[in-house]
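Residue numbers (our numbering): 1327 to 1424.
Right, one structure below, let's go through it.
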Amino acid sequence: MGTSLKNAQFLIESRMRDAARGNPDALYDLGVCYSTGTSGVEVDLIEAHKFFNLAAVSGLDCAAGARADIAEDMTAREIATAQAAARSWLGSMQRRAA
């Protein structure tokens, strides 16, 4: 594995850990990664929408705009899938906190 790929993988893993702790900036960063295909991840608008949605729910205003922007390129089914994934993420975080 090349150094840049290792660095990208570390960045994603680090942001995932921060996101799991409810960090809105980490949630937003993951949305950016998945919407643009940066940091070694494939473009995945469903994952991007999910993370932008979670960041917006956490109070990050710019995330709502980013979520709306990518929603324009998604089907209603994809948006529904992303929303369900966001609810599932929130549910799993609440169970961990309990």
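Every residue, glycine too, gets a C-beta built ideally from N, C-alpha and C.
A quick note: this is a predicted structure, and the numbers were derived from the prediction, not measured.
Secondary structure of residue i, DSSP reduced to three states
i	result
residue 1401	coil
Contact check, residue i vs residue j, beta carbons under 9 Å
i	j	result
residue 1396	residue 1371	yes
residue 1345	residue 1367	no
residue 1408	residue 1373	yes
residue 1386	residue 1356	no
residue 1343	residue 1359	no
residue 1322	residue 1419	No answer is possible for residue 1322: it lies beyond the span of the chain, which begins at 1327 and ends at 1424.
CB contact below 9 Å: residue i versus chain D
i	result
residue 1417	As a matter of chain content, chain D is missing from the structure shown, which is built from one protein chain.
Exercise for review: Entirely within the region 1330 to 1390 and at least 4 residues each: give me those alpha helix (DSSP H) ranges in chain order.
Suggested key: 1350 to 1362, 1371 to 1383
Q. Between the region 1414 to 1421 and the region 1384 to 1400, do three or more beta carbon pairs fall short of 8 Å?
A. no
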